[in-house]
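Engineer: Take a look at the following structure, please.
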Amino acid sequence: MKRILITGGAGFIGSHLCERLLREGNDIICLDNYFTGSKSNIRHLLDNHNFELVRHDITEPYYAEVDQIYNLACPASPVHYQYNPIKTMKTSFYGAMNMLGLAKRMEAKILQASTSEVYGDPAIHPQVEDYWGNVNPIGVRSCYDEGKRAAETLFMDYHRQNGVQIKIIRIFNTYGPRMNPQDGRVVSNFIVQALKGEHITIYGDGSQTRSFQYVDDLVEAMIRMMATDRDFIGPVNIGNPVEFTMLELAAEILRITGSRSKLVYMPLPSDDPRQRQPDITLAKEKLEAWEPKVKLVDGLKQTIEYFDKLLSQS
Ligand code: NAD
Ligand code: UDP
Ligand code: UDP
Numbered sequence: 324m325k326r327i328l329i330t331g332g333a334g335f336i337g338s339h340l341c342e343r344l345l346r347e348g349n350d351i352i353c354l355d356n357y358f359t360g361s362k363s364n365i366r367h368l369l370d371n372h373n374f375e376l377v378r379h380d381i382t383e384p385y386y387a388e389v390d391q392i393y394n395l396a397c398p399a400s401p402v403h404y405q406y407n408p409i410k411t412m413k414t415s416f417y418g419a420m421n422m423l424g425l426a427k428r429m430e431a432k433i434l435q436a437s438t439s440e441v442y443g444d445p446a447i448h449p450q451v452e453d454y455w456g457n458v459n460p461i462g463v464r465s466c467y468d469e470g471k472r473a474a475e476t477l478f479m480d481y482h483r484q485n486g487v488q489i490k491i492i493r494i495f496n497t498y499g500p501r502m503n504p505q506d507g508r509v510v511s512n513f514i515v516q517a518l519k520g521e522h523i524t525i526y527g528d529g530s531q532t533r534s535f536q537y538v539d540d541l542v543e544a545m546i547r548m549m550a551t552d553r554d555f556i557g558p559v560n561i562g563n564p565v566e567f568t569m570l571e572l573a574a575e576i577l578r579i580t581g582s583r584s585k586l587v588y589m590p591l592p593s594d595d596p597r598q599r600q601p602d603i604t605l606a607k608e609k610l611e612a613w614e615p616k617v618k619l620v621d622g623l624k625q626t627i628e629y630f631d632k633l634l635s636q637s
C-alpha cells in the first residue's frame with residue numbers, strides 16, 4: 324500500500340485517478356480547492372477508509388507524509404483558466420513549487436500533468452516531445468500555456484538540482500464522465516447541447532482538428548508512467564492519435580444521441596490551434612506498449628450516458 328497525494332483530485336481526471344488507485348489498495352489523499360472540481364465527483368469514495376479529502380489551495384505550502392504525488396491541480400478549460408489568469412499562473416508555478424518542495428522533503432516521486440498546450444499552435448504535425456512549441460507568450464491563453472511550460476522547467480530544475488524523482492506527461496484532449504458541463508470544452512458542450520435539443524456551437528468553420536482520448540486510457544498511462552524506472556522522467560505525450568474535425572465530432576454526437584439539434588457557427592476564439600495530434604511512439608516504447616484502447620464511439624456513449632443522468636437530476 325502506497326500513500327498517494329492527488330492534487331486536483333476532485334476534478335474530472337483526478338476523480339478517475341482516485342477511484343483507480345483506491346481500487347488497487349492504496350491510501351489516497353485527495354486535495355482540492357473546488358475551483359472547478361466538485362465533491363460530487365468523489366462523494367462515492369468518502370466511505371472508503373483509505374480515502375481522505377482535504378480542502379486546500381496548492382499555492383499555499385502543504386505538509387503531509389506521502390510516497391507519490393500526482394500534481395493535477397489547475398483549471399484546464401479555456402473558460403476557467405482565463406477567468407482569473409493571474410491565479411492560473413500562480414497555481415501552475417507556486418503550486419508546482421510547493422508540491423516539488425514536498426516531494427523533495429519526502430523523497431517522494433512526483434508526476435506533473437502537463438499539456439499538449441505547451442506546443443501552442445504547432446508548426447510540426449503530429450507533435451513529438453522534442454518539438455519546443457509555438458506559443459504566444461502574451462495572449463489570452465498564455466497564463467495556461469506558459470504556466471504549464473514554467474512548471475515543466477521547475478520540475479526539470481528540481482530534478483537536476485535536488486535529485487527529485489520527477490515524471491512529466493503531456494496530456495492531449497481527454498474526455499469522459501465527470502467533465503464539468505460548464506467548462507465550455509467541446510465534447511461536453513456538444514453533448515449537453517444535443518441532449519437539450521439546443522443549437523450545436525461550432526467555433527470557426529469547424530474544420531480545425533483535435534484528437535481525443537477517453538479518460539480510462541489516460542489513467543492507465545499515468546499509473547504506468549509513475550511506475551517507470553528512476554531514469555525515465557519524460558516528458559512523454561499521452562493521447563489518442565485518431566484525429567478528426569469538430570464538424571465530424573458534432574455529427575458523431577448527433578448520430579449517437581439521435582438529436583435533431585442544428586449547427587450554428589460562431590467566431591473562433593483567439594489563439595485556437597488549427598490542429599493537434601500526439602505522436603505517441605515514446606509512450607508505447609516506455610510504458611509497456613501502452614496505447615489508447617477505447618474507441619471514440621464507445622467513449623462518447625459512456626459520456627453521453629453520464630450527462631443524460633446529470634441533466635435528468637437537475
Ligand atoms: P478539472 O478542472 O476538472 O480539474 C482540476 C482540479 O484542480 C479541479 O478539481 C480544481 O478544483 C482543482 N484546482 C484548481 N486550482 C487549484 C488550486 N490552486 N489548489 C487546489 N486545487 C485546485 O480539469 P481536468 O480536466 O481534470 O484536468 C486535470 C489536470 O490535467 C490539469 O492540470 C490539466 O491542466 C491537465 N490536462 C487536462 C487535459 C484535458 O483534456 N482534460 C488536457 C491536458 C492537461
Ligand atoms: N513545501 C511544502 N511542503 C513541504 C516542503 C516544502 O509545501 O513538505 C513548500 C515550501 O514552503 C516552499 C516550497 O515548497 O515554499 C519549495 O520548497 P523548497 O524546500 O524547495 O524551497 P525552500 O523552502 O528552500 O525555499
Ligand atoms: N469548440 C467548438 N464549439 C464549442 C467548444 C469548442 O467548436 O462549443 C472548438 C474549439 O474552438 C476548439 C476545439 O473545439 O477548436 C476544442 O476545444 P476545447 O476547448 O475542448 O479544447 P482545446 O481548444 O483546449 O483543445
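Just so you know, we're using my numbering here: the sequence shown kicks off at 324 and counts up by one. Positions of the beta carbon are idealized from the N, C-alpha and C atoms, including for glycine.
Pick out the complete alpha helix (DSSP H) segments inside the stretch 496-570, 4 residues or longer, and give them in chain order.
Structural biologist: Runs found: 509-519 and 538-549.
Engineer: Would the stretch 537-547 count as touching the stretch 611-621 if we require 3 or more Cβ pairs under 8 angstroms?
Structural biologist: With the cut-off at 8 angstroms, the stretch 537-547 and the stretch 611-621 touch.
Engineer: Buried or exposed: where does Ser593 fall if 16 or more other Cβ atoms within 10 Å of its Cβ makes it buried?
Structural biologist: It counts as exposed.
Engineer: Any residue with its C-beta under 7 angstroms from a non-hydrogen atom of ligand 3 counts. Can you list them all in chain order?
Structural biologist: Checking every Cβ against the heavy atoms of ligand 3 under 7 angstroms gives Ser400, Pro401, Glu440, Asn496, Gly507, Arg508, Val509, Val510, Asn512, Phe513, Thr524, Ile525, Tyr526, Gly527, Gly529, Gln531, Arg533, Met569, Leu591, Pro592, Asp595, Pro596 and Arg599.
Engineer: Ordered along the chain, which non-local residues of its own chain (more than five positions away) have a Cβ less than 7 angstroms from that of Arg597?
Structural biologist: Contacts found: Asp444 and Gln531.
Engineer: Which residue from Asn394, Arg472 and Trp455 puts its Cα closest to that of Ala426?
Structural biologist: When only C-alpha atoms are compared, the closest one is Asn394.
Engineer: Hey, is Cys341 close to ligand 1, as in C-beta under 6 angstroms from one of its heavy atoms?
Structural biologist: Result no, Cβ not under 6 angstroms from ligand 1.
Engineer: What residues in its chain sit with their C-beta under 7 angstroms from that of Asp555, if we drop five residues either side in the sequence?
Structural biologist: Inspection of the sequence shows that residue 555 is occupied by Phe rather than by Asp. So the qualifying residues of the chain are Lys609.
Engineer: Rounded to whole angstroms, how far is the Cβ of Glu575 from the Cβ of Val620, which I believe are closer than 8 angstroms?
Structural biologist: Confirmed, about 7 angstroms.
Engineer: How is Gln484 classed by DSSP in three states: helix, strand or coil?
Structural biologist: In the structure shown, Gln484 sits in a helix (DSSP, three-state: H, G or I).
Engineer: Got a sec? Which residues, its chain only, sit under 7 angstroms from Ala517 by beta carbon, not counting five neighbours each side?
Structural biologist: The answer, listed in chain order, is Ile523, Ile576, Leu577, Thr580, Ser582 and Ser584.
Engineer: Quick one: grab the DSSP three-state call for Arg428.
Structural biologist: The answer is helix: DSSP assigns Arg428 an H, G or I state.
Engineer: Go through the stretch 331-415 residue by residue and report every complete run of the alpha helix (DSSP H) that reaches 4 residues or more, in order.
Structural biologist: Counting whole runs of 4 or more residues, the stretch 331-415 contains the alpha helix (DSSP H) stretches 335-346, 401-404 and 408-413.
Engineer: Here's the rule: buried if 16 or more other CB atoms are within 10 angstroms of the residue's CB, otherwise exposed. What is Leu434?
Structural biologist: That one is buried.
Engineer: If I measure Cβ to Cβ from Ser338 and keep anything under 6 angstroms in the same chain, skipping five residues before and after, which residues do I get?
Structural biologist: Cβ within range, chain order: Asn364, Ile365 and Arg501.
Engineer: For the stretch 485-501 against the stretch 548-567, are there 3 or more C-beta pairs whose distance is under 8 angstroms?
Structural biologist: With a cut-off of 8 angstroms, the stretch 548-567 and the stretch 485-501 count as touching, because enough Cβ pairs lie within range.
Engineer: Could you tell me the boundaries of the beta strand (DSSP E) in which Lys490 lies?
Structural biologist: Note, Lys490: beta strand (DSSP E), Ile489 to Ile494.
Engineer: Measure how close the beta-carbons of His357 and Ala396 come, nearest whole angstrom, since I'm counting them as under 8 angstroms.
Structural biologist: Inspection of the sequence shows that residue 357 is occupied by Tyr rather than by His. Rounded, the Cβ-Cβ distance is 11 angstroms, inconsistent with contact.
Engineer: Taking only the alpha-carbon atoms, compute the straight-line gap between Lys413 and Glu469 and give it to the nearest angstrom.
Structural biologist: Approximately 11 angstroms between the Cα atoms of the pair.
Engineer: Taking its Cβ as the centre, do 16 or more other Cβ atoms sit within 10 Å of Asn512, making it buried, or is it exposed?
Structural biologist: Classification for Asn512: buried.
Engineer: Kindly indicate which three-state DSSP category Tyr417 falls into: helix, strand or coil?
Structural biologist: In this structure, Tyr417 counts as helix in the three-state DSSP scheme.
Engineer: At the level of alpha carbons, what is the spacing between Tyr629 and Ser635?
Structural biologist: Near 10 angstroms, if we compare the C-alpha coordinates of Ser635 and Tyr629.
Engineer: Since Leu605 is in the alpha helix (DSSP H), which residue starts that stretch and which ends it?
Structural biologist: Its alpha helix (DSSP H) spans residues Thr604 to Lys609.
Engineer: If you reduce the DSSP assignment to three classes, tell me which class Ile627 lands in.
Structural biologist: In the structure shown, Ile627 sits in a helix (DSSP, three-state: H, G or I).
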